[in-house]
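2 protein chains.
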Amino acid sequence: MEISLTPEQQTDLQTFGRRLATLRKQRGWSQEKLALESGLARSYLGGVERGQRNIALLNILKLARTLECDPGELFRT
Amino acid sequence: MEISLTPEQQTDLQTFGRRLATLRKQRGWSQEKLALESGLARSYLGGVERGQRNIALLNILKLARTLECDPGELFRT
């Protein structure tokens, strides 16, 4: 990502990414499996989970539906 | 927005936008007030509320903090 983020923003993205990884692993899914099921690229998902991507609404909803969870679950800390 | 969206995606963005508008109005805030408090442009917020913007994670969190609600509240339907 070319834009520079504040430390707080980096933390926010990392928190979301870790939460996504937790929910994915709770289902016993690999990143590859989540990529296949969601239609998102594995490399993109890796970036999101590492807190390197500022994922937007439509992809957040796509992931929540793929993981069959409420979108709010992805924001729970 | 230049990219073309499916009807389902348009509905998703509109649902989020309506929810944001509801939470804003529950506080008796104008778009202008929310813009001032959040640091986001009023025209951008108008676009989000009309479902014309695929708002990303960091701005979703900014709005939730400004409205003092859980981010998940913004996804409640």
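Which chain is which? The protein sequence lines are A and B, in order.
Residues in the first sequence are numbered from 0 upward in steps of one, following numbering that gives the first Met the number 0.
Residues in the second sequence are numbered from 0 upward in steps of one, following numbering that gives the first Met the number 0.
Backbone N, C-alpha and C fix where the C-beta goes; we use that ideal spot for every residue, glycine too.
If the cut is a Cβ gap below 8 Å, which residues of chain A does P70/B touch? G71, F74
#### Entry: Pairwise C-alpha distance: N53/A and Q8/A
9 Å
- prompt: For A63/A, does the three-state DSSP call read helix, strand or coil?
  reply: helix
- If you count every other CB in all the chains shown that lies within 10 Å of the CB of P70/A, and 16 or more means buried, which is it? buried
Q) Rounded to a whole number of angstroms, what is the C-alpha to C-alpha distance between A63/B and L73/B? A) 7 Å
Neighbour list for A55/A in chain B, Cβ cutoff strictly below 8 Å | N53, I54, A55, L56
Q | CB-CB length for L44/B against L33/B, believed under 8 Å | A | 6 Å
message: Let's see if you can read the secondary structure: which residues bound the alpha helix (DSSP H) around T14/B?
response: 6-25
### Message
Once DSSP output is grouped into helix, strand and coil, what is the label at R55/A?
### Response
Reading the sequence as shown, one finds Ala at residue 55/A and not Arg. A55/A: strand per DSSP, three-state reduction.
- Message: If you measure between the beta carbons of G16/B and R41/B, is that distance less than 7 Å?
- Response: no
Practice problem: Please confirm whether S29/B and T65/B have their CB atoms less than 7 Å apart. | Solution: no
* Select from L57/B, E67/B, N58/B the residue whose C-alpha is nearest the C-alpha of R26/B. => E67/B
Task: Inter-residue Cα distance where the pair is R75/B and S3/A - done: 31 Å
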